[in-house]
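Enquirer: Quick one: the structure is below, questions incoming.
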Amino acid sequence: MEIEGSSAILLNDSIIYPEITDISEILGAKKFYLLLSSQLCALLQGTLNDSSLSYQVIITCDPQAIAEFTHKLEQHLDNSSPWRKRLIPYIEPHLPQSNPLETHFNSRLWNILVPEFSETSDVMYEGLRTCEPVEEALRQQVAQERLLNQLIGQIHQSLELSVILETAVRELRSFLEVDRLVIYKFREKYLSTSESEKIQNLGGLVTYESRVSQSIPSLLNVVAEDVCFATIPEYQHKYRQGEIVAIEDVERQYSASLCLSQFLEKYWILSKLIAPIIVEGELWGLLIAHQCFKKRQWLESEKAFLGQIGEHLAVAIYQAQLYAQVQEQKNTFEQRVIESTQALRDTLIASQAANHSKSEFLGNMSHELRTPLTCIIGLSGTLLHWSQEGLNLPVDKQRKYLDTIQNSGKHLLDMINEILEYSNLQSGKYVLSVRYFSLTKVAKNIMQRVSDESEHRRINLELDLQIEPQKDSFSADPERVQQILYHLLNNALKFTSKNGKVTLRVWLEKNQLCLEVEDTGIGIEEEKIPLLFESFQQLENSRRRVYGGTGLGLALTKQLVELHGGTIEVESIINKGSTFTVRIPSQPQNKAKLVSQSEKNQALFTKNKTIVLVESNEEIATLIGELLTAANYHFIWLMDGTKVIKKIELLEPSAVILDKELSKIIEINDSLKQYPETKDTKVLILRNEITSKEWTEISKMGIDDYLIKPIQPNLLLKRVNALIFNNNES
Numbered sequence: 012m013e014i015e016g017s018s019a020i021l022l023n024d025s026i027i028y029p030e031i032t033d034i035s036e037i038l039g040a041k042k043f044y045l046l047l048s049s050q051l052c053a054l055l056q057g058t059l060n061d062s063s064l065s066y067q068v069i070i071t072c073d074p075q076a077i078a079e080f081t082h083k084l085e086q087h088l089d090n091s092s093p094w095r096k097r098l099i100p101y102i103e104p105h106l107p108q109s110n111p112l113e114t115h116f117n118s119r120l121w122n123i124l125v126p127e128f129s130e131t132s133d134v135m136y137e138g139l140r141t142c143e144p145v146e147e148a149l150r151q152q153v154a155q156e157r158l159l160n161q162l163i164g165q166i167h168q169s170l171e172l173s174v175i176l177e178t179a180v181r182e183l184r185s186f187l188e189v190d191r192l193v194i195y196k197f198r199e200k201y202l203s204t205s206e207s208e209k210i211q212n213l214g215g216l217v218t219y220e221s222r223v224s225q226s227i228p229s230l231l232n233v234v235a236e237d238v239c240f241a242t243i244p245e246y247q248h249k250y251r252q253g254e255i256v257a258i259e260d261v262e263r264q265y266s267a268s269l270c271l272s273q274f275l276e277k278y279w280i281l282s283k284l285i286a287p288i289i290v291e292g293e294l295w296g297l298l299i300a301h302q303c304f305k306k307r308q309w310l311e312s313e314k315a316f317l318g319q320i321g322e323h324l325a326v327a328i329y330q331a332q333l334y335a336q337v338q339e340q341k342n343t344f345e346q347r348v349i350e351s352t353q354a355l356r357d358t359l360i361a362s363q364a365a366n367h368s369k370s371e372f373l374g375n376m377s378h379e380l381r382t383p384l385t386c387i388i389g390l391s392g393t394l395l396h397w398s399q400e401g402l403n404l405p406v407d408k409q410r411k412y413l414d415t416i417q418n419s420g421k422h423l424l425d426m427i428n429e430i431l432e433y434s435n436l437q438s439g440k441y442v443l444s445v446r447y448f449s450l451t452k453v454a455k456n457i458m459q460r461v462s463d464e465s466e467h468r469r470i471n472l473e474l475d476l477q478i479e480p481q482k483d484s485f486s487a488d489p490e491r492v493q494q495i496l497y498h499l500l501n502n503a504l505k506f507t508s509k510n511g512k513v514t515l516r517v518w519l520e521k522n523q524l525c526l527e528v529e530d531t532g533i534g535i536e537e538e539k540i541p542l543l544f545e546s547f548q549q550l551e552n553s554r555r556r557v558y559g560g561t562g563l564g565l566a567l568t569k570q571l572v573e574l575h576g577g578t579i580e581v582e583s584i585i586n587k588g589s590t591f592t593v594r595i596p597s598q599p600q601n602k603a604k605l606v607s608q609s610e611k612n613q614a615l616f617t618k619n620k621t622i623v624l625v626e627s628n629e630e631i632a633t634l635i636g637e638l639l640t641a642a643n644y645h646f647i648w649l650m651d652g653t654k655v656i657k658k659i660e661l662l663e664p665s666a667v668i669l670d671k672e673l674s675k676i677i678e679i680n681d682s683l684k685q686y687p688e689t690k691d692t693k694v695l696i697l698r699n700e701i702t703s704k705e706w707t708e709i710s711k712m713g714i715d716d717y718l719i720k721p722i723q724p725n726l727l728l729k730r731v732n733a734l735i736f737n738n739n740e741s
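Each residue of the sequence shown is one higher than the one before, starting from 12 at the first, in our numbering.
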């Protein structure tokens, strides 16, 4: 409220609230009215009692007290405030101690406050009529404070947001004595729009509403047409800036917009007062009061109070949003804890199962290794004993003992190689040696390899080779393909009973090699099929004792197939048999040259068959020398020394086998490539282990091939033959 004439100023707290928000802390009173003039100055102060929601009122005309209050007020106003300049004349006491107008004011005030001492009732009622504006202002202030305290109390009690908003709408409509009061919420996509991307039209709907009469049309859930707002300049901008909009006559205000005028007329809106609800700097919605039966001139105090309510509602909304976020994070965290706990349980179970499997594997291996070792030690000890005693053991027995020793040694070597192969695969130290090879030859070789076992078990072994002669060549790692077939056939023979049947089928499907091993064995339960390819697994302890084995064969097979980018499938029926099907795609290679048999035979006579071995270990050198000499190669062994490179250059061998550290190998290889006589010499290196990445780097330096120790005789000869005769066929 504000009154200003030529000689008087009347101010209250609502007028200066936008400039001074913490009035009670600065001025010592929550509410006040200040009258300043040259003839009379008066100050009315109200302090709220929170417990009783009543005001303690102090009225004074003391010039010094009023001057001090005015001085405090003037100091805290903005420099741009229009009131500051007007208050300056009153910051010093200027009225005389004896003032007739003040005496008259005090007398009338006394009659109002103490009516029973008035001489006549007319005087009392005259005083009451004089003080009615003050009483009405105080009544409104108390009602405002009561409503604000109720709203703040609900927010502090963390009630549901819907309860807070419903109560606020209902109580505020009643307090302002408006016909309808609504909360209009903008759609989510409008809440966080940046300045550069702000849309011209706001969109949303009314979410809360209170009406003085049911006859008034409801706006609840009504969506205003966005196009109606397009003609209003800076429609969204002013609300984002916190501006409170009061419109006394909407018909006149929006006469230029037919769309909006029709919308307002449809819902009986004659006057409206709008305050924004701004949550954390973003426009969340609007608090709107409507007059539907008559137009209304909105007071400044009503504007300020609606703005205050909007600010408190923004706090409640932000609090609800934070609570929702915390609740969502809590639920997410709880879900993650549940998932993590379950994952830990699963990991623990898997770890326990793996440990159990490994323990069983170690126990089984002790038996599997002990059996051939016992044969080797026992029979070799017998032969040694007879020779030391000077006795002659019959030749047939000696041969039988030696055959048993050799077979036990081979069996032992196969198991050790199987474990080493698995270890290399697990550690990623496995490299495919891709080249073209004959499918027919590989299939017949592997059938020959397991034929003794099938005859011993009296199992019918068949080969179904569905390969046309012109399509017999395939690109992959032939040794690994043979290994895959060996494990599958060996597994089939192991679990097929006497007079049973094992069939190997080989055919091509487009660019894929298909290998199928079918048996008439004991079969596999469907639920146990996934365990077949697990490491250290055999399906039952009793089976392990009956059938033996390391439990790595099928796991190794699966990894070799996958190393080729292939797949392996199993079909099985209990007591009927099992079928394992492998599909391997043709492998890309850099060099693929097919050599006819006549060319190979001719090469045997024309090629230089000198092989030089650079090796410091006598046992390895002796083994390689015997193997190459037996294969009709001219073998030369060189110990490590300073003149190794010179000797190799003089000998001009077809191939060099190097068992040295990598730096020495590179030095020898580089020297050989420098001379015309040795630039075509093939280089084969021996390594304890090698990764795919290492071999890629080494092969770029001109190294032709490699072998992993311990030396496998058959593999050594195949690799050497391939190097000498450019024969890429196994």
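Ideal Cβ placement from N, Cα and C applies to all residues, glycine included. Note that this is a predicted model, so its numbers are computed, not measured.
1) With distances taken from CA atoms, which of L216, F506, L310 and F316 is nearest R534?
2) Could you tell me the alpha carbon to alpha carbon distance between M458 and R730, rounded to whole angstroms?
3) So, for E254: in the same chain, excluding its five sequence neighbours on each side, which residues have a beta-carbon less than 8 Å away from its beta-carbon?
4) Count the other CB atoms within 10 Å of the CB of Y334; is the residue buried (16 or more) or exposed (fewer)?
5) For the segment 69-76 against the segment 88-95, do three or more pairs of beta-carbon atoms, one drawn from each stretch, fall closer than 8 Å, so that the two count as touching?
6) For D568 and L496, what's the separation of their Cα atoms in angstroms?
7) Between which two residues does the alpha helix (DSSP H) harbouring I595 extend?
8) For N502 and S703, what's the separation of their Cα atoms in angstroms?
9) Give me the DSSP bridge partner(s) of C525.
10) Buried or exposed: D260, going by 16 or more other Cβ atoms within 10 Å of its Cβ?
11) When the Cα atoms are used, what is the spatial distance from K693 to T451?
12) Using the three-state DSSP reduction, which class does L21 fall into: helix, strand or coil?
13) Starting from W706, follow the alpha helix (DSSP H) in both directions and report where the run begins and ends.
14) For F448, which of helix, strand or coil comes out of DSSP?
15) Let me know if P599 comes out buried or exposed under the rule of 16 or more other beta-carbons within 10 Å of its beta-carbon.
16) Would DSSP call L172 helix, strand or coil?
17) Spatial neighbours of I27 within its chain, please: CB distance less than 6 Å, with the 5 preceding and 5 following residues excluded, ordered by chain position.
18) Return the chain-ordered ranges of every beta strand (DSSP E) run that is complete within the segment 265-327 and spans a minimum of 3 residues.
19) Would you report the Cα separation of V223 and D190, rounded to the nearest angstrom?
20) Check each candidate in F591, S627, E629 and E545 and name the one with the smallest Cα separation from T531.
21) Per DSSP, which one or two residues make a beta bridge with S226?
22) Cα separation between T633 and L542?
23) Return the residue from the list D681, H82 and E345 that minimises the CA-CA distance to K711.
24) Check whether the Cβ atoms of L21 and Y44 sit closer than 8 Å, and answer yes or no.
25) Counting along the chain, where does the alpha helix (DSSP H) carrying G636 start and finish?
26) Can you grab the Cα-Cα spacing for the pair I427 / Q336, in whole Å?
27) CB-CB under 7 Å to T218, same chain, minus the five flanking residues each way: which ones, in chain order?
28) According to the neighbour-count rule (16 or more other Cβ atoms, all chains shown, within 10 Å of its Cβ), is F736 buried or exposed?
29) According to the neighbour-count rule (16 or more other Cβ atoms, all chains shown, within 10 Å of its Cβ), is E479 buried or exposed?
30) Determine which residues share a DSSP beta bridge with R191 and list them.
31) If I'm right that V513 touches V492 with Cβ under 8 Å, what's the distance once you round it to whole angstroms?
32) Touching or not, the segment 467-478 and the segment 619-639, by the rule of three or more beta carbon pairs under 8 Å?
33) Under 8 Å, do P664 and T621 count as touching if we go by C-beta distance?
34) How big is the Cα-Cα spacing for Q338 and T352?
35) Helix, strand or coil for R491, going by three-state DSSP, please let me know.
36) So, Y101 versus T81, is the Cβ gap smaller than 8 Å?
Expert: Per the coordinate set shown:
1) The residue labelled residue 534 in the question sits at position 523 within the sequence shown. For the sequence presented, residue 534 should be read as Gly rather than Arg. Comparing Cα-Cα distances from G534 to each of L216, F506, L310 and F316, the minimum goes to F506.
2) Counting from one through the sequence shown, the residue named residue 458 turns up at place 447. Counting from one through the sequence shown, the residue named residue 730 turns up at place 719. Each residue's alpha carbon lies about 22 Å from the other.
3) Your numbering for residue 254 matches position 243 in the sequence shown. Answer for E254: P287, listed in chain order.
4) Stepping through the sequence shown from its first residue, residue 334 is reached at position 323. Classification of Y334: exposed, given that the 10 Å Cβ count is below 16.
5) no
6) By 1-based counting over the sequence shown, the position of residue 568 is 557. By 1-based counting over the sequence shown, the position of residue 496 is 485. Contrary to the premise, residue 568 reads as Thr rather than Asp in this sequence. If you take the alpha carbons of T568 and L496, they lie about 8 Å apart.
7) What you label residue 595 is simply residue 584 of the sequence shown in a count that begins at 1. Element bounds for I595: not the alpha helix (DSSP H) but the beta strand (DSSP E), G588 to P596.
8) In the sequence shown, residue 502 corresponds to position 491, counting from 1. In the sequence shown, residue 703 corresponds to position 692, counting from 1. Rounded to whole angstroms, N502 to S703 spans 29 Å at the Cα level.
9) As a working mapping, residue 525 is identified with position 514 in the sequence shown. DSSP lists W518 and R594 as partners of C525.
10) Within the sequence shown, numbered from 1, the residue matching residue 260 stands at position 249. Its Cβ having fewer than 16 others within 10 Å, D260 is exposed.
11) As a first step, residue 693 must be located in the sequence shown, where it is residue number 682. As a first step, residue 451 must be located in the sequence shown, where it is residue number 440. Distance between the alpha carbons of K693 and T451: 28 Å.
12) By one-based count along the sequence shown, residue 21 stands at place 10. Looking at L21 - three-state DSSP - the assignment turns out to be strand.
13) In the sequence shown, residue 706 corresponds to position 695, counting from 1. W706 -> alpha helix (DSSP H) spans S703 to K711.
14) Stepping through the sequence shown from its first residue, residue 448 is reached at position 437. It is a strand residue.
15) Walking along the sequence shown from the start, residue 599 turns up at place 588. So P599 ends up on the exposed side.
16) Your numbering for residue 172 matches position 161 in the sequence shown. Reduced to three states, the DSSP call for L172 is helix.
17) Position 16 of the sequence shown, counted from the first residue, corresponds to residue 27. Closer than 6 Å at the Cβ level, and outside the excluded window around I27, lies no residue.
18) 282-290 and 293-302
19) Within the sequence shown, residue 223 is the residue found at index 212, counting from 1. Within the sequence shown, residue 190 is the residue found at index 179, counting from 1. C-alpha separation (whole angstroms): 5 Å.
20) Position 520 of the sequence shown holds residue 531. Answer by Cα proximity: F591.
21) Here residue 226 refers to the residue found at position 215 when the sequence shown is read from its first residue. Partner(s): none; S226 has no beta bridge.
22) By one-based count along the sequence shown, residue 633 stands at place 622. By one-based count along the sequence shown, residue 542 stands at place 531. Using only the alpha carbons, I get a separation of about 44 Å.
23) What you label residue 711 is simply residue 700 of the sequence shown in a count that begins at 1. Per the Cα distances, D681.
24) One-based indexing of the sequence shown puts residue 21 at position 10. One-based indexing of the sequence shown puts residue 44 at position 33. Contact flag set, yes.
25) For the purposes of this step, residue 636 is taken as residue 625 along the sequence shown, with counting starting at 1. Where G636 is concerned, the enclosing alpha helix (DSSP H) stretches over E629 to A641.
26) Stepping through the sequence shown from its first residue, residue 427 is reached at position 416. Stepping through the sequence shown from its first residue, residue 336 is reached at position 325. One C-alpha to the other measures close to 60 Å.
27) If you number the sequence shown from 1, residue 218 lands on position 207. Counting only Cβ-Cβ distances below 7 Å, and skipping sequence neighbours, we find I194 and K196.
28) Here the question's residue 736 lines up with position 725 in the sequence shown. Looking at its Cβ environment, which holds 16 or more other Cβ atoms inside 10 Å, F736 is buried.
29) Taking the first residue of the sequence shown as 1, we reach residue 479 at position 468. Exposed, by the Cβ-count rule.
30) On the sequence shown, position 180 is the one that residue 191 refers to. R222 and H301, per the DSSP bridge assignment.
31) Walking along the sequence shown from the start, residue 513 turns up at place 502. Walking along the sequence shown from the start, residue 492 turns up at place 481. The beta carbons of V513 and V492 sit about 18 Å from each other, so the pair does not count as a contact at 8 Å.
32) no
33) Position 653 of the sequence shown, counted from the first residue, corresponds to residue 664. Position 610 of the sequence shown, counted from the first residue, corresponds to residue 621. The answer is yes: Cβ separation under 8 Å.
34) On the sequence shown, residue 338 is found 327 positions in, with the first residue counted as 1. On the sequence shown, residue 352 is found 341 positions in, with the first residue counted as 1. So the two alpha carbons sit approximately 21 Å from each other.
35) Numbered from its first residue, the sequence shown carries residue 491 at position 480. Three-state DSSP puts R491 in a helix.
36) Within the sequence shown, numbered from 1, the residue matching residue 101 stands at position 90. Within the sequence shown, numbered from 1, the residue matching residue 81 stands at position 70. Cβ distance < 8 Å, so Y101 and T81 count as in contact.
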